[in-house]
Structures are given as structure tokens and as C-alpha cells.
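Asks: The structure is given below, and queries will be raised subsequently.
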Amino acid sequence: MTDAKPGAKNSVTLTDNRTGRSWEFPVLDGSIGPSVIDIRKLYAETGSFTYDPGYTSTGSCESKITFIDGEAGILRHRGYAIEDLAEHSDFMEVCYLLLHGDLPNAEQKAKFVHDITYHTMVHEQLQYLYRGFRRDAHPMAVMVGVVGALSAFYHDSTDIADPHQRMIASHRLIAKMPTIAAMAFKYSLGQPFVYPKNDLSYAANFLSMCFTVPCEPYVVNPVLAKAMDRIFILHADHEQNASTSTVRMAGSSGANPFACIAAGIASLWGPAHGGANEAVLRMLGEIRTKDRIPEFIKRAKDKNDPFRLMGFGHRVYKNYDPRAAVMRRTCYEVLEELGKKNEPLLDLALELERIALDDEYFVERKLYPNVDFYSGIILQAMGFPTSIFTVLFAVARTVGWIAQWKEMVEDPEQRIGRPRQLYTGHAKRDFVPIDKRG
Ligand code: ACO
Numbered sequence: 163m164t165d166a167k168p169g170a171k172n173s174v175t176l177t178d179n180r181t182g183r184s185w186e187f188p189v190l191d192g193s194i195g196p197s198v199i200d201i202r203k204l205y206a207e208t209g210s211f212t213y214d215p216g217y218t219s220t221g222s223c224e225s226k227i228t229f230i231d232g233e234a235g236i237l238r239h240r241g242y243a244i245e246d247l248a249e250h251s252d253f254m255e256v257c258y259l260l261l262h263g264d265l266p267n268a269e270q271k272a273k274f275v276h277d278i279t280y281h282t283m284v285h286e287q288l289q290y291l292y293r294g295f296r297r298d299a300h301p302m303a304v305m306v307g308v309v310g311a312l313s314a315f316y317h318d319s320t321d322i323a324d325p326h327q328r329m330i331a332s333h334r335l336i337a338k339m340p341t342i343a344a345m346a347f348k349y350s351l352g353q354p355f356v357y358p359k360n361d362l363s364y365a366a367n368f369l370s371m372c373f374t375v376p377c378e379p380y381v382v383n384p385v386l387a388k389a390m391d392r393i394f395i396l397h398a399d400h401e402q403n404a405s406t407s408t409v410r411m412a413g414s415s416g417a418n419p420f421a422c423i424a425a426g427i428a429s430l431w432g433p434a435h436g437g438a439n440e441a442v443l444r445m446l447g448e449i450r451t452k453d454r455i456p457e458f459i460k461r462a463k464d465k466n467d468p469f470r471l472m473g474f475g476h477r478v479y480k481n482y483d484p485r486a487a488v489m490r491r492t493c494y495e496v497l498e499e500l501g502k503k504n505e506p507l508l509d510l511a512l513e514l515e516r517i518a519l520d521d522e523y524f525v526e527r528k529l530y531p532n533v534d535f536y537s538g539i540i541l542q543a544m545g546f547p548t549s550i551f552t553v554l555f556a557v558a559r560t561v562g563w564i565a566q567w568k569e570m571v572e573d574p575e576q577r578i579g580r581p582r583q584l585y586t587g588h589a590k591r592d593f594v595p596i597d598k599r600g
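For the sequence shown, the residue numbers in the working numbering are 163 to 600.
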């Protein structure tokens with residue numbers, strides 16, 4: 163019998179029906195949510211691995227940061243509901259909460275905001291790195307390169323064994339990511355880079371760096387700054403998703419945090435993950451008019467057609483994504499402020515959502531709008547081109563990645579991530595010289 167982890171009261175028995183042998187494995191309970199079967203000794207005791215491509219049944223780590231109940235449509239950070247954080251808090255507080263475990267008091271918040279604000283500038287040399295990219299490069303390609311290169315600029319915060327260096331690296335990443343993202347945006351437009359302004363909030367500063375041009379003053383619209391801040395909150399963390407697991411996996415080898423976050427950005431880029439917000443807008447552009455919706459719904463249901471309804475469905479949520487609900491409200495606020503209340507794209511999206519949520523295919527599979535369904539409409543209305551959408555997601559998610567990375571590095575049980583496989587290739591073959599191969 164396997165040694166149960168202290169506190170494990172229950173166990174499950176595994177029986178091999180080929181030999182009749184049985185083993186018992188402890189069941190570990192979290193504070194809330196599904197239990198896990200602790201199979202760490204499975205291979206040592208049974209000689210078999212588990213097989214779970216896509217990790218649908220695998221808990222890869224222990225974490226205290228984010229809780230999701232996908233069936234009920236619940237998302238909480240450190241115990242606080244995402245709806246409450248989006249309504250009553252701000253992104254700086256959420257960053258502090260994710261990193262430190264509790265909401266800050268006034269003094270802690272002031273110090274944190276100061277620490278982040280005074281790290282927003284990037285090394286001046288970094289701009290030459292941008293100039294090496296083609297102007298038409300996808301901004302996510304630029305982000306992967308530039309963020310990875312940060313480890314070549316900030317050597318004094320790459321010793322992951324030093325808690326102070328870990329903290330400095332965390333602050334640098336959260337602080338510099340908007341600057342780096344705005345520079346990627348400006349570079350793609352062929353406009354000069356804009357330096358950060360320390361008298362602006364995190365979100366307002368980001369908008370200023372994106373939309374200021376040297377020839378005229380730019381005043382940040384407070385409604386848009388508030389909406390941007392909320393978008394950042396809604397994307398801040400989401401448990402062990404593909405990009406976060408990538409960050410943890412990269413970090414498990416002891417790689418420095420800048421390199422790990424660059425790996426996370428690469429993973430986020432894919433259309434099945436953070437790239438979906440860009441894909442939603444492309445899809446709405448393709449659908450164009452309400453009367454064409456049924457045709458696209460039909461295509462989404464057709465197994466021989468690769469088309470999927472972008473911004474719909476989620477690995478974990480089998481209910482309305484709570485972030486999508488807040489995003490929809492924010493969408494109305496932004497469009498109203500910009501005098502675009504009758505934006506045809508929103509109308510089209512609402513109709514698409516209505517038809518899909520009424521369709522047996524989507525109902526049966528519990529496919530609901532996810533966070534990406536409405537974010538693109540807001541961002542486009544604000545003036546961002548679609549190619550920058552996923553970059554904004556990366557700015558917001560950096561705090562989640564870094565909080566998860568920090569939690570992993572500080573976990574005494576942390577080991578290098580090294581999954582195994584079900585090998586189905588040749589067993590053994592004799593080498594054939596090239597003149598004897600058919
Ligand atoms: N449109 C049409 N059918 C869909 C969709 C969709 N958007 N999503 C899932 N399905 C169907 C699948 O074809 C499958 O049907 P089947 O059981 O008949 O074979 C069933 O629903 C289950 O889908 P899976 O692909 O097995 O679900 P998985 O959990 O692996 O994928 C994912 C989740 C990738 C998000 C998927 O729903 C998808 O591709 N959605 C569109 C892209 C998207 O919006 N991604 C953003 C996710 S949120 C985020 O990353 C921030």
C-alpha cells in the first residue's frame with residue numbers, strides 16, 4: 163500500500179485484471195473543488211504510466227491562487243469572485259492579490275503601485291531589438307522575442323533562488339509589459355515609441371503609450387481607462403491553462419522568469435487559446451450580416467468543416483464564462499461612451515450568441531461564449547487593430563503567469579516537469595546503409 167500524504171483520509175484501489183494485483187492510492191482533498199488521486203507512486207509500484215493527452219483528468223500541481231468551477235461558471239482569485247474584483251477593485255490590487263495572497267491595505271497598495279510605476283521604463287537599448295523586426299511582423303512574434311530578450315538586459319534579477327531577485331523580476335515583468343506591448347504596437351504602425359508617464363494609472367498609461375503621437379496632446383478618456391483596467395482584471399489569471407502550464411513547465415527546469423514568460427506568450431498566441439479574440443473579429447467580419455449566421459452555425463456543426471465558432475466553448479466552463487458576462491456589460495459601456503451604441507458588430511455578436519445558445523448542438527455540448535467573444539469588439543471600438551488583441555491579453559496575463567511561477571518555485575515539493583508517453587513506434591530495427599534502402 164502507498165504511503166498516504168498526511169491528511170489524506172480516503173483512497174482508491176486499482177486492480178490489474180491481468181494479474182489480479184491491487185494497489186491503493188491516497189485521495190487528496192483540496193479546500194474546495196474535486197479531489198485528486200495521488201498517483202505519484204503509480205509507476206514505481208505498478209510499472210505503468212497514466213495516459214491523459216490534453217490533460218483533461220490531470221491535476222499538475224497544488225495551487226492556492228485561482229479556483230474555477232466550470233459547471234457552475236465560477237471564477238475566484240484567492241477566494242474573491244471575479245465579478246466583485248471587476249466591479250469594486252482595480253488591476254493593481256488584483257496583481258497584489260494574486261502575487262501575495264491577500265488584498266492590500268492602503269499602505270501596501272501605495273507601495274506596490276509605486277514599485278510597479280517606477281519600473282515601467284525599459285532599457286533604452288531594447289528599442290534596437292524592435293528595429294530588427296519587419297514592420298509587418300505579427301506583434302505577438304515581436305513580444306515573444308523582446309520578452310525573452312529581457313533576461314539579457316536584467317541579469318540582476320535572474321537568480322531564481324534569491325527571493326529578492328524573484329520579487330524584482332516579478333515587478334519588472336508586470337511593470338514593463340505594457341511598455342513593451344505598446345512599443346510593439348507603435349512599431350507595427352511605423353510611429354515613434356512613447357515613454358511611460360508616471361502620473362497615470364497602469365491602464366491609462368498603457369492607452370497613452372499606445373495612442374499618443376508627438377504632434378498633438380492625448381488625453382486619456384477615463385471611461386476607456388476604466389474599461390481597459392477591467393479587461394486586464396478579467397484576463398489576469400485562469401488557473402492551469404495552456405500558457406500558464408507552459409510557464410510552469412519552462413520554469414520547472416530552473417529557467418529564468420523572463421524566458422518562462424516568453425514561453426507563455428508563445429503558447430497564448432494560438433487560436434485555441436488567447437488568439438481567439440482576434441479570430442472572433444475575423445469571423446464576425448466574415449459573417450458580415452445577420453442573415454448569414456445560420457450558414458456559419460451549420461458550418462460550425464459540420465465535422466468535415468474545420469470552422470468553429472470562435473469565442474465559443476471552453477475546456478473548463480460548461481456554463482456561461484463569468485468573464486464573458488462582465489465583458490458584455492463593459493462592451494455596452496465603451497460603445498456608449500464612444501457614441502457607437504448601434505455598432506453593427508455588437509448587434510451581430512448578440513444575434514450569433516442568441517442563435518447558438520438556442521441550438522441543440524451547442525446546448526448539448528454546453529458551449530457558451532467565453533471571455534474572448536466580446537473583448538475584441540471593445541478593443542476594436544477603442545482603436546486597437548485585431549493583430550494587437552492577443553498582445554493585450556498577454557499584458558494582463560503576465561501577473562497570473564508570474565504568480566503561478568513564483569508559487570511553483572517556492573513549493574518545496576517542486577520538481578522538473580517531465581511527462582512520459584505511450585510509445586507506439588517501432589520496437590527495434592537494424593540499421594540499413596543508404597545504398598540498401600528502397
Ligand atoms: N464551435 C463548434 N463546435 C465546438 C466548439 C466551437 N467553438 N468548441 C467545441 N466544439 C465541439 C467539438 O467539435 C466537440 O464536439 P464532438 O463532441 O461532437 O466531437 C465538442 O464541442 C467538445 O469540443 P473539444 O474540442 O473536445 O473541447 P476542448 O475542451 O478540447 O476545446 C476549446 C476547448 C479549444 C476552447 C474549443 O471549445 C474551441 O476550439 N473553441 C473556439 C476557440 C476559442 O474560443 N478559444 C478560446 C478559449 S478561452 C481562452 O483561451 C481565453
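For each residue, glycine too, the CB sits at the ideal point set by N, CA and C.
I'd like to check one pair, residue 410 with residue 566: are the Cβ atoms closer than 7 angstroms?
Replies: Here residue 566 is taken as the residue at index 404 of the sequence shown, counted from 1. Here residue 410 is taken as the residue at index 248 of the sequence shown, counted from 1. Their beta carbons are under 7 angstroms apart, which means residue 566 touches residue 410 by this criterion.
Asks: Going by other Cβ atoms of all chains shown within 10 Å of its Cβ, with 16 needed for buried, is residue 210 buried or exposed?
Replies: Reading the sequence shown from its first residue, position 48 is the one you call residue 210. Residue 210 is exposed by the Cβ-count criterion.
Asks: Since residue 504 is in the alpha helix (DSSP H), which residue starts that stretch and which ends it?
Replies: The sequence position of residue 504 within the sequence shown is 342, counting from 1. First-last for residue 504: undefined, no H or E at that position.
Asks: Terminal residues of the continuous alpha helix (DSSP H) containing residue 207?
Replies: Reading the sequence shown from its first residue, position 45 is the one you call residue 207. Residues 204-208.
Asks: Let me check you understand the geometry: is the CB of residue 435 closer than 6 angstroms to at least one non-hydrogen atom of the ligand ACO?
Replies: Reading the sequence shown from its first residue, position 273 is the one you call residue 435. For the ligand ACO, at least one heavy atom lies less than 6 angstroms from the Cβ of residue 435.
Asks: Grab me the residues of residue 339's own chain with a C-beta within less than 6 angstroms of its C-beta, minus the 5 sequence neighbours each way, in chain order.
Replies: Residue mapping note: residue 339 aligns to position 177 of the sequence shown, counting from 1. 557 and 560.
Asks: Quick check: residue 281 and residue 317, are their CB atoms within less than 7 angstroms of each other?
Replies: In the sequence shown, counting from the first residue as 1, residue 281 sits at position 119. In the sequence shown, counting from the first residue as 1, residue 317 sits at position 155. Contact flag unset, no.
Asks: With a CB to CB cut of under 6 angstroms and the five nearest residues on each side skipped, what residues in its chain are close to residue 252?
Replies: One-based indexing of the sequence shown puts residue 252 at position 90. Excluding residues within five positions, the ones whose Cβ falls inside 6 angstroms are 391.
Asks: Looking at C-alpha atoms only, which residue of 471, 463, 545 and 437 is the closest neighbour of residue 448?
Replies: Indexing the sequence shown from 1 puts residue 448 at position 286. Comparing Cα-Cα distances from residue 448 to each of 471, 463, 545 and 437, the minimum goes to 471.
Asks: If you draw a straight line from the C-alpha of residue 246 to the C-alpha of residue 589, how long is it?
Replies: Against the sequence shown, residue 246 aligns to sequence position 84. Against the sequence shown, residue 589 aligns to sequence position 427. Their Cα atoms are separated by approximately 56 angstroms.
Asks: So, residue 304 versus residue 295, is the Cβ gap smaller than 7 angstroms?
Replies: The residue labelled residue 304 in the question sits at position 142 within the sequence shown. The residue labelled residue 295 in the question sits at position 133 within the sequence shown. Yes.
Asks: Buried or exposed for residue 581, please, with buried defined as at least 16 other CB atoms from any protein chain shown within 10 angstroms of its CB.
Replies: Along the sequence shown, one-based indexing puts residue 581 at 419. Burial call: exposed.
Asks: For the beta strand (DSSP E) containing residue 231, name the first residue and the last one.
Replies: Here residue 231 refers to the residue found at position 69 of the sequence shown. That run of the beta strand (DSSP E) goes 228-231.
Asks: Whose C-beta lies closer than 8 angstroms to the C-beta of residue 481 among residues of the same chain, with five residues either side of it excluded?
Replies: What you label residue 481 is simply residue 319 of the sequence shown in a count that begins at 1. Around residue 481: 232, 233, 234, 235, 528 and 530.
Asks: Would you say residue 239 touches the ligand ACO, meaning its beta carbon is less than 6 angstroms from a heavy atom?
Replies: As a first step, residue 239 must be located in the sequence shown, where it is residue number 77. Not under cutoff, so the answer is no.
Asks: Indicate whether residue 208 and residue 214 have their beta-carbon atoms separated by less than 7 angstroms.
Replies: Your numbering for residue 208 matches position 46 in the sequence shown. Your numbering for residue 214 matches position 52 in the sequence shown. Against a cut-off of 7 angstroms, the Cβ pair of residue 214 and residue 208 comes out as no contact.
Asks: So, is residue 177 buried or exposed, given that buried needs 16 or more other C-beta atoms within 10 angstroms?
Replies: If you number the sequence shown from 1, residue 177 lands on position 15. Exposed: under 16 other Cβ atoms inside 10 Å.
Asks: List the whole-angstrom C-beta distance separating residue 399 from residue 228, where the pair is believed to meet the contact cut-off of C-beta under 8 angstroms.
Replies: In the sequence shown, residue 399 corresponds to position 237, counting from 1. In the sequence shown, residue 228 corresponds to position 66, counting from 1. The Cβ separation is near 5 angstroms, so the contact holds.
Asks: Where residue 599 and residue 585 are concerned, what is the direct C-alpha to C-alpha distance, given to the nearest angstrom?
Replies: Against the sequence shown, residue 599 aligns to sequence position 437. Against the sequence shown, residue 585 aligns to sequence position 423. Looking at the two C-alpha atoms, the distance is approximately 25 angstroms.
Asks: Can you list, in chain order, the residues of its chain whose CB lies under 6 angstroms from that of residue 356, leaving out five sequence neighbours each side?
Replies: Walking along the sequence shown from the start, residue 356 turns up at place 194. Taken in chain order, the residues that qualify are 371 and 374.
Asks: Which full runs of the alpha helix (DSSP H) of 4+ residues lie inside the region 242-318, going along the chain?
Replies: Segments of the alpha helix (DSSP H) lying fully in the region 242-318: 244-250, 253-262, 268-279, 288-293 and 301-311.
Asks: So, are the CB atoms of residue 394 and residue 312 less than 7 angstroms apart?
Replies: Working through the sequence shown from its first residue, we reach residue 394 at position 232. Working through the sequence shown from its first residue, we reach residue 312 at position 150. Contact: no.
Asks: Taking DSSP's pairing of strands, which residues face residue 194 in a bridge?
Replies: As a position in the sequence shown, residue 194 is number 32, starting the count at 1. None, per the DSSP bridge assignment.
Asks: Looking at the secondary structure, which residues open and close the beta strand (DSSP E) in which residue 174 lies?
Replies: Residue 174 sits at position 12 when you count from the first residue of the sequence shown. Counting along the chain, the beta strand (DSSP E) containing residue 174 begins and ends at 172-177.
Asks: Under 7 angstroms, do residue 430 and residue 405 count as touching if we go by C-beta distance?
Replies: Taking the first residue of the sequence shown as 1, we reach residue 430 at position 268. Taking the first residue of the sequence shown as 1, we reach residue 405 at position 243. In this structure, residue 405 lies closer than 7 angstroms to residue 430 by Cβ.
Asks: Are the region 351-365 and the region 319-332 in contact at 8 angstroms, needing three or more beta carbon pairs?
Replies: Result no; under three Cβ-Cβ pairs closer than 8 angstroms.
Asks: Taking DSSP as the reference, what is the three-state secondary structure of residue 340?
Replies: If you number the sequence shown from 1, residue 340 lands on position 178. Correct three-state label for residue 340: helix.
Asks: Are at least three pairs of beta-carbons, each pair with one atom in the region 568-583 and one in the region 263-278, less than 8 angstroms apart?
Replies: As far as the Cβ criterion goes, the region 568-583 does not touch the region 263-278, which means the pair count is below three.
Asks: Any C-beta of chain B sitting closer than 7 angstroms to the C-beta of residue 404?
Replies: Annotation note: the requested chain B is absent from the structure, which comprises a single protein chain.
Asks: Give, in chain order, every unbroken run of the alpha helix (DSSP H) that is at least 4 residues long and sits entirely within the region 391-428.
Replies: For the region 391-428, whole alpha helix (DSSP H) runs of length 4 or above, ordered along the chain, are 404-414.
Asks: Using only the alpha-carbon positions, how far apart do residue 238 and residue 506 sit?
Replies: One-based indexing of the sequence shown puts residue 238 at position 76. One-based indexing of the sequence shown puts residue 506 at position 344. In a straight line, the C-alpha of residue 238 is about 33 angstroms away from that of residue 506.
Asks: Taking the C-alpha atoms as reference points, what is the distance between residue 166 and residue 202?
Replies: Translated into the one-based positions of the sequence shown, residue 166 becomes position 4. Translated into the one-based positions of the sequence shown, residue 202 becomes position 40. For residue 166, the predicted model reports a pLDDT of 42, less than 50, meaning its position is unreliable; a value from the coordinates is still stated below. Taking the straight line joining both Cα atoms gives about 11 angstroms.
Asks: Relative to the alpha-carbon of residue 175, which residue among 458, 416 and 200 has its alpha-carbon at the smallest distance?
Replies: Locating residue 175 in the sequence shown gives position 13, counting from the first residue. For residue 175, the nearest C-alpha among the options comes from 200.
Asks: Take the Cβ of residue 193 as the centre, count every other Cβ of all protein chains shown within 10 Å, and call the residue buried at 16 or more, exposed below.
Replies: The residue given as residue 193 occupies position 31 in the sequence shown. Its Cβ having fewer than 16 others within 10 Å, residue 193 is exposed.
Asks: Could you give the DSSP three-state label for residue 491: helix, strand or coil?
Replies: Counted from its first residue, the sequence shown places residue 491 at position 329. Note: residue 491 maps to helix in three-state DSSP.
Asks: Roughly how many whole angstroms lie between the Cα atoms of residue 490 and residue 384?
Replies: The residue given as residue 490 occupies position 328 in the sequence shown. The residue given as residue 384 occupies position 222 in the sequence shown. Each residue's Cα considered, the two are about 19 angstroms apart.
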